[in-house]
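The sequence shown maps to residues 35 to 259 in the numbering used here.
So the structure is just underneath, and the comments pick up after that.
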Amino acid sequence: MDFAVKWISVSNPREIKKFASILVLKELLHEAPVITFTKIFAIESALQMFNSIWNLIRDKKEYIRQEALMFFKEAIKQISQRELRNLSKESWLVKIYSLVRQTMKEKSEIVVHGNIMILHWLLRYSSRETFIHYLVEISEYVLNFRKSLNIKIKKSVIESLPVIAKYNPGIFVAEHLDMTLNFLMNSAQKKEWRKVSYKVLSNLLSLIHRSLLQKYAKLILKILL
35 MDFAVKWISV SNPREIKKFA SILVLKELLH EAPVITFTKI FAIESALQMF
85 NSIWNLIRDK KEYIRQEALM FFKEAIKQIS QRELRNLSKE SWLVKIYSLV
135 RQTMKEKSEI VVHGNIMILH WLLRYSSRET FIHYLVEISE YVLNFRKSLN
185 IKIKKSVIES LPVIAKYNPG IFVAEHLDMT LNFLMNSAQK KEWRKVSYKV
235 LSNLLSLIHR SLLQKYAKLI LKILL
């Protein structure tokens, strides 16, 4: 593991070293979470290492970007489940969110897709209190790309909707339900998006109290029929 941390933290590592490092760290974090997690967060350069891996989410090679994203998914999951010595888990999760926040104005499809996936996992694994003050900002950022022609971005937007709704159904209904239902209705009209749109709608209906959905009954039936 030491070599992986060293390689990932140097400036401009070779492609093979970038890939090997992120793959080793991701697999160790998944297969031996207690030991790996403790060791990663015990080093003084933990934040620097996270910044280095964050940069790999924007790498020109897709397979490196994908492994970097999977590392962050596992790291967010592990952080949410454990207590840390140097910083609270909430502080670490907010630090990861701040990395996304710094790039929210960028239009690169690679950046946008990476940001949406990280936001998806932050809301999925964190406690309700961690991002409640950022929830509207996160939701608006994700939904802003609902009309993207990039398949990966649109798929990540659709699949993030139930996660956003589950985090706080009341806020979701008040701020985003109208837009979401119209978006799913339009997406369901296209064959390639019909299945995932129906699945997401079904998940949304199971998360939101029936009393909050009454005014949307006709629109929901229109989508389903």
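Ideal Cβ positions, reconstructed from N, Cα and C, are used throughout, including at glycine.
| message | What does the alpha-carbon distance come out to for the pair K188 and V145? | response | Numbered from 1 along the sequence shown, position 154 holds the residue referred to as residue 188. Numbered from 1 along the sequence shown, position 111 holds the residue referred to as residue 145. So the alpha carbons of these two residues sit roughly 14 Å apart.
| query | Can we say the region 179-198 touches the region 122-135, given the rule of at least three CB pairs closer than 8 Å? | reply | no
| request: Would you tell me roughly how many angstroms separate the C-alpha atoms of I56 and L90, rounded to the nearest one? | output: Mapped onto the sequence shown, residue 56 falls at position 22. Mapped onto the sequence shown, residue 90 falls at position 56. Rounded to the nearest angstrom, the two C-alpha atoms are 9 Å apart.
| request: Under the assumption that L21 contacts V234 (Cβ atoms under 8 Å), give the Cβ distance between them as a whole number of angstroms. | output: The question about residue 21 has no answer, for the chain in this structure spans 35 to 259.
| query | Residues in its own chain within less than 6 Å of I172 by CB, not counting five upstream and five downstream? | reply | Position 138 of the sequence shown, counted from the first residue, corresponds to residue 172. Cβ neighbours of I172 beyond the five flanking positions: L153.
| message | Is it buried or exposed, H147, if we count other Cβ atoms within 10 angstroms and call 16 or more buried? | response | Your numbering for residue 147 matches position 113 in the sequence shown. Its Cβ being crowded by 16 or more others within 10 Å, H147 is buried.
| request: Excluding the 5 residues preceding and the 5 following K111 in the sequence, name in chain order all residues of the same chain whose CB lies nearer than 8 Å to its CB. | output: Here residue 111 is taken as the residue at index 77 of the sequence shown, counted from 1. The residues are W155 and Y159.
| task | Could you give the DSSP three-state label for A208: helix, strand or coil? | result | Here residue 208 is taken as the residue at index 174 of the sequence shown, counted from 1. Of the three classes helix, strand and coil, the one that applies to A208 here is helix, per DSSP.
| query | Do E124 and L63 have their CB atoms nearer than 8 Å? | reply | Position 90 of the sequence shown, counted from the first residue, corresponds to residue 124. Position 29 of the sequence shown, counted from the first residue, corresponds to residue 63. Cβ distance not < 8 Å, so E124 and L63 don't count as in contact.
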